[in-house]
Amino acid sequence: MIKMKLEIKNLYVKTIDNKEILKDFSLCVAPGEIHAIMGPNGTGKSTLSKVIMGSPDYLITSGDILVDNTSICSLETDKRANLGIFLAYQNPVSIEGVSSSEFLRSALQAKESSKINIYEFMKNMDQAYADLQMDPNLMHRSINENFSGGERKKNEIMQLKLLKPKFIILDELDSGLDIDSLKIVCNNINQYLETFPTTSVLIITHYPRILEYIKPQYVHIMNHGKIIQTGDISLAFEIEKKGYILSTNAMSGVETNE
Ligand code: ADP
Ligand code: MG
Numbered sequence: 083m084i085k086m087k088l089e090i091k092n093l094y095v096k097t098i099d100n101k102e103i104l105k106d107f108s109l110c111v112a113p114g115e116i117h118a119i120m121g122p123n124g125t126g127k128s129t130l131s132k133v134i135m136g137s138p139d140y141l142i143t144s145g146d147i148l149v150d151n152t153s154i155c156s157l158e159t160d161k162r163a164n165l166g167i168f169l170a171y172q173n174p175v176s177i178e179g180v181s182s183s184e185f186l187r188s189a190l191q192a193k194e195s196s197k198i199n200i201y202e203f204m205k206n207m208d209q210a211y212a213d214l215q216m217d218p219n220l221m222h223r224s225i226n227e228n229f230s231g232g233e234r235k236k237n238e239i240m241q242l243k244l245l246k247p248k249f250i251i252l253d254e255l256d257s258g259l260d261i262d263s264l265k266i267v268c269n270n271i272n273q274y275l276e277t278f279p280t281t282s283v284l285i286i287t288h289y290p291r292i293l294e295y296i297k298p299q300y301v302h303i304m305n306h307g308k309i310i311q312t313g314d315i316s317l318a319f320e321i322e323k324k325g326y327i328l329s330t331n332a333m334s335g336v337e338t339n340e
């Protein structure tokens, strides 16, 4: 069953060289909910996504991350992926010498802990490439090596379609995608959500454009490592009109000359 509740409780996170990035960050995403986190550059959005995935570059100094009421903080990244958490990275890294088809085959094998049907796998992979309008030759090249920005982003969503996660984090999905590719990618995600409506999604973005395609029920504004306001989609468009500085000043009661 594709269903997961993810809860982040009063999380404090610093880098290994002691820079505090997340400060008392809390969020709860129930199955089937779509949440967006918006915030200015450098506020800790990508850090949050990497900490959820278990990146060793960060230390949790207090607080907890729970999946279905059980802490996942001691789990390695691969275990979190096997639980069904998926992160489409802001800057997907290339992996020399490993092709997408090899990578996905072993990822699926690890997840399902039984031998996968190669014929079925190749059929699904071909279908995902066609759905995303990707060049099928990319499947045999080293992952992301010399891929364009758009190809990297599409490749992340191709993986999502095959791995069938329960909890999807999209970190700045629109960066590197032209408007037509963004539409194709978002249509694929929406189709996935129609097929598996209890999937949860966390969309991290600083522009509201992507939210016109994948519609969140909740929009959170993040600043200096924590959520400072929560609203619905109208909050995202307010930010677009006013910018983060005016909006966050208004929230803290600072007078502005609009
Ligand atoms: P955002 O995604 O909101 O733009 P990030 O989470 O990427 O922000 O970064 C937040 C801040 O933390 C930035 O100032 C960034 O330079 C810093 N930072 C992030 N990761 C590291 C790291 N591994 N080591 C040192 N500083 C980091
Ligand atoms: Mg970022």
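When the count follows my numbering, it moves up by one through the sequence shown with no breaks and lands on 340 for the last residue. Backbone N, C-alpha and C fix where the C-beta goes; we use that ideal spot for every residue, glycine too.
Among residues of its own chain, excluding the 5 on either side of residue i, which ones have a beta-carbon nearer than 7 Å to its beta-carbon?
i, result
"residue 337", "Residue confidence for residue 337 is low, a pLDDT of 41 falling below 50, so the modelled location carries little weight and cannot support an answer."
"residue 270", "213, 214, 239 and 243"
"residue 223", "181"
"residue 189", "245"
"residue 97", "103, 139 and 140"
Roughly how many angstroms separate the alpha carbons of residue i and residue j, rounded to a whole number?
i, j, result
"residue 282", "residue 110", "11 Å"
"residue 199", "residue 165", "21 Å"
"residue 319", "residue 232", "25 Å"
"residue 263", "residue 186", "22 Å"
"residue 339", "residue 324", "In this prediction, residue 339 scores a pLDDT of 39, lower than 50, which makes its location untrustworthy; the coordinate-derived value is nonetheless stated afterwards. Residue 339 and residue 324: Cα-Cα distance of roughly 12 Å."
"residue 135", "residue 170", "11 Å"
"residue 273", "residue 292", "15 Å"
"residue 132", "residue 87", "18 Å"
"residue 234", "residue 202", "24 Å"
By Cβ distance, which residues of its chain are closer than 8 Å to residue i, with the 5 residues on each side in sequence left out?
i, result
"residue 297", "116 and 315"
"residue 279", "114"
"residue 321", "120, 290, 303 and 329"
"residue 160", "192"
Flag this pair as yes or no: are the beta carbons of residue i and residue j separated by less than 8 Å?
i, j, result
"residue 250", "residue 107", "no"
"residue 114", "residue 288", "no"
"residue 167", "residue 226", "no"
"residue 211", "residue 221", "yes"
"residue 286", "residue 259", "no"
"residue 92", "residue 153", "no"
"residue 126", "residue 313", "no"
"residue 175", "residue 129", "no"
"residue 90", "residue 147", "yes"
"residue 257", "residue 311", "no"
Decide if residue i is buried, meaning its Cβ has at least 16 other Cβ atoms within 10 Å, or exposed.
i, result
"residue 191", "exposed"
"residue 155", "exposed"
"residue 195", "exposed"
"residue 248", "buried"
"residue 237", "buried"
"residue 150", "exposed"
Going by DSSP in three states, residue i sits in which element: helix, strand or coil?
i, result
"residue 91", "strand"
"residue 253", "strand"
"residue 278", "coil"
"residue 177", "strand"
"residue 297", "coil"
Give every residue of the same chain whose Cβ lies closer than 6 Å to the Cβ of residue i, excluding the five residues on either side of it in the sequence, and list them in chain order.
i, result
"residue 317", "301"
"residue 295", "268"
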